[in-house]
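Just so we're aligned: the sequence shown equals residues 9 to 56 in the working numbering. All residues carry an ideal CB built from backbone N, CA and C; glycine is no exception. Data block below; observations after.
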Amino acid sequence: ARLFRRPAPKPVDATRLVPVTFVVVVFLVATSAVLLLADVFNPVSLFH
Numbered sequence: 009a010r011l012f013r014r015p016a017p018k019p020v021d022a023t024r025l026v027p028v029t030f031v032v033v034v035f036l037v038a039t040s041a042v043l044l045l046a047d048v049f050n051p052v053s054l055f056h
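Here is the structure:
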């Protein structure tokens, strides 16, 4: 803020980011579960 001679930014309310964080965590867990199940039931063979 001092570099551009602007006033200091207001503090951020972290509780407003909880829903976004929840969605991201659920997405990552779901993606990991799908990839794990796909690897168990239909594994990729690199060399035939």
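Asked	Found
Taking the alpha-carbon positions, what's the residue 12 to residue 25 distance?	27 Å
Is DSSP giving residue 51 helix, strand or coil here?	coil
Roughly how many angstroms separate the alpha carbons of residue 10 and residue 23, rounded to a whole number?	27 Å
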